Every structure is written in C-alpha cells, then in structure tokens.
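Per UniProt numbering, the very first residue in the sequence shown carries number 1; after that it's consecutive.
Take a look at the structure below.
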Amino acid sequence: MTVTRAHIGHAPHLLAILWAFTRHTSWLPQVRSRLTDLRVMLKVIRRGWVQVVHDAQGPAGFIARDGERIHALYVHPRARGRGVGRLLLDDAKTCADRLDLWVLQANGPARGFYARHGFAEATRTNGAGNDENLPDIRMVWQATHGEQP
C-alpha cells in the first residue's frame, strides 16, 4: 500500500469512507448534509490537502491535511487494523516537524490511536468551537531530532 494524492474521481469513495463512520456512530450528531460533505470534499481535494491509500478493493483510507493541521483521517471499515491509518500518519510526518489535530473526547479509539503514534494532549474544550458542539481535545505531535516515522 502506498500513499498518493487524491483526485476528484476519488470523492465518491472518500465520502463513503467518511460516512461509514459519521453516519454509523450513534453518539455523533449529524450536523452536515451529504451535499455539504461533497462540497467540502471537492474543495479540499482541489486544494491538494487529501492523500489516499488504496488496497485491492479501492480507496482504503484518507487524510486531509493543510500544513501542520490534520483536518480528517478516516479508514474504511474493511481496512481497519491493517496499518492504513499508520501509513497515512507516517506520510504526513515526513512533510512536517509538527502536526496537530482535534479529536472528539467521546472518540476513545481515535484518541488511543493518535496517542500510540506520538500525539499528546495539548488542550481540552467544551466543544463550543466544533460543528458537533461536543467536547474535544487538541493533540500535537512534535518530531524529535533524527526521528523517522
């Protein structure tokens, strides 16, 4: 598996990966329409922020990153536990000495994943600044001298 830059033709597949989580997570409120998700996905792909990993069945995961900020990282349910998320994070780490992201406090699996990959909690909020209005955590990864992902 390799990481490549996403193109517009990937959008339907990447949205299916996104919706596999957002539409099937009972504690997560639905705050955006599918049309809004499509518009945002097309925008971030055009900006060159999205990297994708393929497996034999097609896109298996993606990351949306603008500089140091990771805006999204999602893995298809069929590909979870196979290193797709790690591969996407490792690729991002080769492009920056520091990365940060926001994760919802309720998303324990994601918080654990990021912690295992060197991200540390930096800030907690009550969620007033996110779309879902749920408590969240800003996590930060900082490269150490000579660190390899």
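Don't be surprised by glycine CBs; every beta carbon is placed ideally from N, CA and C.
As the structure is a prediction and not an experimental result, all values here were calculated from the model.
Going by Cα to Cα distance, which pick from the options is closest to residue i?
i, options, result
"M139", "V84, E132, Q105", "Q105"
"C95", "G108, G85, A79, R69", "R69"
"V84", "R116, V53, A16", "V53"
"W19", "R47, P77, R65", "P77"
Determine the extent of the beta strand (DSSP E) in which residue i is found, giving its start and end residues.
i, result
"F113", "Note, F113: premise wrong, no beta strand (DSSP E); alpha helix (DSSP H) at 108-116."
Using the C-alpha atoms, what's the distance from residue j back to residue i?
i, j, result
"Y114", "A120", "8 angstroms"
"R5", "V75", "16 angstroms"
"N126", "V3", "34 angstroms"
"K43", "L35", "12 angstroms"
"R124", "D136", "6 angstroms"
"T110", "H13", "It should be pointed out that residue 110 corresponds to Ala in this sequence rather than to Thr. Going from the Cα of A110 to the Cα of H13 covers about 21 angstroms."
"L38", "P59", "16 angstroms"
"G67", "T25", "28 angstroms"
So the alpha helix (DSSP H) residue i belongs to, where does it begin and stop?
i, result
"Q99", "Reading off the sequence, residue 99 comes out as Leu, not Gln. From DSSP, L99 is part of no alpha helix (DSSP H) but of the beta strand (DSSP E) over 98-104."
"L73", "Counting along the chain, L73 falls outside any alpha helix (DSSP H), though it belongs to the beta strand (DSSP E) covering 69-75."
"F62", "No alpha helix (DSSP H) contains F62, which is instead part of the beta strand (DSSP E) from 58-66."
According to DSSP, is residue i helix, strand or coil?
i, result
"W19", "helix"
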